[in-house]
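Novice: When the letters of the sequence shown are read in order and numbered with our numbering, they come out as residues -7 to 99. Just so it is clear, CB atoms sit at the ideal spot from N, CA and C, and this is done for glycine as well. For reference, the structure I am asking about is given below.
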Amino acid sequence: MVSVLLMGTTFFALAETAAIEQEVPTGFELYEEHFNAGNLSERGYLYEGKPVGEWQRFHENGQVSMDALFKADGSPAGSWIYYDETGKKIKEELYEDGQLVNTVEFD
């Protein structure tokens, strides 16, 4: 299930990997891309054609490859976390005011 929270102009979508049923607020569009084999490769929400809220990308094996957050204007925000094919965190990026301010790579 996808939970959608609207707080002022900030949009958040909290999703489980196997989400099937979702309620999408007016004006928001669920966006999904799939690998050739049919597995989900990317999922998030668009508002007026821009990514908003939580976005996820996936490896072909179904593991999350990236968790990202976009502000209502489509700019990157907060912590973006990248994972390898086993689910191990390999990198974290921090965005403030739409700009990358810090990157940490993990062994």
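Just tell me which of 55, 93, 54 has its CA closest to the CA of residue 72.
Specialist: Residue 72 has its Cα closest to that of 93, out of 55, 93, 54.
Novice: May I ask which residues mark the beginning and end of the beta strand (DSSP E) holding residue 24?
Specialist: Taken as a continuous stretch (DSSP letters only), the beta strand (DSSP E) holding residue 24 covers 20 to 26.
Novice: Does the beta-carbon of residue 41 have 16 or more other beta-carbons within 10 angstroms, so that it is buried, or is it exposed?
Specialist: Residue 41 comes out exposed.
Novice: Does DSSP classify residue 45 as helix, strand or coil?
Specialist: If DSSP states are grouped into helix, strand and coil, residue 45 belongs with the strands.
Novice: Could you have a look at residue 10 and say whether DSSP puts it in helix, strand or coil?
Specialist: Low confidence applies to residue 10: its pLDDT is 42, below 50, so where it sits in the model is not reliable, and the reading given next is rough at best. DSSP places residue 10 in coil when its eight states are reduced to three.
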